[in-house]
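Asks:
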Amino acid sequence: ARTPLIISAIPGEAQQRAVACFKWSSEIAAQFEEDTHYEYDHEKKTVELNFEGRQLARTLPKPPEMAAVGLIEIYQYVERAIKVAREFIIHRQFVIKDDEIVIVDEFTGRMAEGRKWSGGIHQAVEAKEGVKVTVETGHAARITVQDLFRRYEYLAGMTGTAWSSAGELKKIYKLHTVRVPTNRPTQRKRLPDLVFAKGEDKWLAIVREVAEMHRAGRPVLIGTRSIDKSEILSKLLEGQGIEHMVLNARHIAREAEIVAEAGQLARVTVATNMAGRGTDIKLGPGVLELGGLHVIATEMHDSARIDRQLAGRCGRQGDPGTVRQYLATDDEILSIAFGPRKAERHKRESGDADGLVSTAPRLFRSAQQKIEKRHFRGRRILLYHEKHRKKMHREMGQDPYLDMPDQ
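Numbering-wise, my numbering puts 263 at position 242 of the sequence shown, and it's gapless, one number per residue.
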């Protein structure tokens with residue numbers, strides 16, 4: 022909801038020049054160092070070249086296609102390439118399918134085929150990964166998610182995690198949130214969170230707990246933030262001889278089969294957010310008596326709603342179930358929330374004999390709340406700018422949704 026919905030249009034000329042710029046900037050991005058050549062805002066996730074960085078960008082050799090490209094445009098290409106190199110990681114934000122970049126939705130864990138990042142980001146990612154750089158698209162029409170829904174006369178919805186967002190639903194959509202009691206008393210138990218000094222210790226502890234549950238015959242669902250983390254954990258489980266299934270955007274063809282078996286005796290399933298929403302895992306014979314499905318969260322997400330959706334896979338319809346959150350001081354949520362310098366201080370904490378640290382889970386809750394507030398602020402700012410953009414278009418006698426400026 023922080024990104025406008027855009028209908029794209031085929032652009033005009035200068036395609037070859039743009040492709041050359043994307044490829045060149047991707048090749049030279051690694052030569053630029055933070056603080057030496059550019060400043061990086063960890064909260065806004067923006068890159069800005071300083072004097073030394075601009076000087077380096079000017080002096081580096083360029084292909085002949087870039088002869089007519091202005092300096093400001095060159096700086097923008099370099100800044101974009103640095104941003105992409107830092108933030109856009111394969112098997113996290115995207116995968117490569119049929120030699121094309123396919124976005125992985127951060128909330129659902131599914132491939133969002135047909136979608137592209139705007140502002141040249143998608144082309145910069147293509148250049149970084151060495152696939153064909155597609156024609157950069159212009160905008161034929163645009164509307165924000167908030168504005169789209171507010172155009173409906175009647176609006177309603179249902180979700181198991183709306184209560185925590187009741188304030189935003191009221192402010193943005195003028196909707197009241199009603200809490201519906203569960204059909205049967207909840208028997209889900211939340212086990213104490215465990216915080217480790219190192220990510221390696223955390224992953225090993227997760228494998229030990231999975232092995233313990235596996236021996237007891239209980240099914241286990243392990244949630245990860247990204248495709249690469251799910252496959253790292255899969256290799257660790259393989260090393261211990263624990264049979265398991267992996268559900269992520271790369272194994273979507275077997276989704277129905279994997280979900281159907283996830284609640285069977287001694288079944289271990291490793292999944293991204295795909296298994297955290299809209300899936301009902303049925304318990305197999307004998308599982309109820311053993312304590313139901315055990316859910317392990319390997320990291321905290323930027324949104325508490327995603328964490329609650331994962332926890333909600335167990336203890337459904339009055340069934341028993343347990344949830345445990347594993348955390349480590351090098352989890353990326355701390356860097357996202359507080360920046361690398363403050364996060365680095367927490368990484369230096371030493372653990373006990375089991376690798377556990379005294380850092381209270383409150384630190385991680387605080388980080389999550391900080392990110393949620395930042396995202397909410399971003400949605401409010403987008404709504405504010407969209408309101409003024411529409412007003413300006415109407416004053417000029419234009420359609421605010423269809424009359425787009427030249428790209």
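C-beta atoms are modelled at their ideal positions from N, C-alpha and C, and glycine is treated no differently.
Considering Met234, what are the terminal residues of the alpha helix (DSSP H) in which it resides?
Replies: Unbroken alpha helix (DSSP H) run through Met234: 220-237.
Asks: Would you kindly work out how many angstroms separate the C-alpha atoms of Arg288 and Ala102, rounded to a whole number?
Replies: Each residue's alpha carbon lies about 43 Å from the other.
Asks: Which ranges would you report for the beta strand (DSSP E) in the segment 73-160 if only whole runs of at least 3 residues count?
Replies: You should have 115-118, 121-124.
Asks: To the nearest angstrom, how far is it from the Cα of Glu282 to the Cα of Val201?
Replies: So the alpha carbons of these two residues sit roughly 30 Å apart.
Asks: CA-CA distance, Arg75 and Leu92?
Replies: Cα to Cα, Arg75 sits roughly 9 Å from Leu92.
Asks: Between Ala349, Ala381, Arg386, Gln285, which has its C-alpha nearest Ala325's C-alpha?
Replies: Nearest option by C-alpha distance: Arg386.
Asks: Relative to the ligand MG, is the shortest distance from any of its heavy atoms to the C-beta of Gly74 smaller than 6 Å?
Replies: Of the ligands one can find in the structure shown there are none, so the ligand MG has no counterpart to examine.
Asks: Just to confirm, are Met14 and His315 a CB contact at a threshold of 7 Å?
Replies: Nothing can be reported for residue 14: it is not among the residues displayed for the chain, which extend from 22 to 428.
Asks: Among Val216, Trp138, Asn294, which residue has its Cα nearest to the Cα of Thr350?
Replies: Of the listed residues, the one whose Cα sits closest to Thr350 is Val216.
Asks: Just to confirm, are Trp224 and Leu257 a CB contact at a threshold of 7 Å?
Replies: Their beta carbons are under 7 Å apart, which means Trp224 touches Leu257 by this criterion.
Asks: Where does Arg415 land, buried or exposed, given buried means 16+ other C-beta within 10 angstroms?
Replies: Exposed, by the Cβ-count rule.
Asks: Can we say the segment 302-314 touches the segment 226-244, given the rule of at least three CB pairs closer than 8 Å?
Replies: The segment 302-314, when compared against the segment 226-244, does touch it at the 8 Å Cβ threshold.
Asks: Here's a check: name, in chain order, each residue in its chain whose Cβ is nearer than 8 Å to the Cβ of Phe115, leaving out the five neighbours to either side.
Replies: The residues are Phe109, Ile122, Val123, Ile124, Val125, Val146.
Asks: So, is Glu64 buried or exposed, given that buried needs 16 or more other C-beta atoms within 10 angstroms?
Replies: Burial call: exposed.
Asks: Output needed for Glu150: all residues of its chain with C-beta closer than 8 Å, excluding positions within five of it in sequence on either side, in chain order.
Replies: Excluding sequence neighbours, Glu150 sits near Ile111, Ile117, Ile122.
Asks: Using DSSP with H/G/I as helix, E/B as strand and the rest coil, what is Gly336?
Replies: Coil.
Asks: If distances are taken between C-alpha atoms only, which option among Ser185, Gly339, Ala177 comes closest to Asn204?
Replies: Of the listed residues, the one whose Cα sits closest to Asn204 is Gly339.
Asks: Identify whether Gly244 lies in helix, strand or coil by the three-state DSSP scheme.
Replies: Strand.
Asks: Among the candidates Phe53, Ile357, Ile273, Asp120, whose CA atom is the shortest distance from the CA of Tyr98?
Replies: Per the Cα distances, Phe53.
Asks: Leaving out the 5 sequence neighbours to the left and right, which residues in its chain are closer than 7 Å to Leu196 when beta-carbon positions are compared?
Replies: Within the same chain, Leu196 has close Cβ partners Leu176, Leu190.
Asks: For the alpha helix (DSSP H) that contains Val40, what are its first and last residues?
Replies: Residues 36-49.
Asks: Roughly how many angstroms separate the alpha carbons of Gly333 and Ile193, rounded to a whole number?
Replies: Those two C-alpha atoms are separated by around 26 Å.
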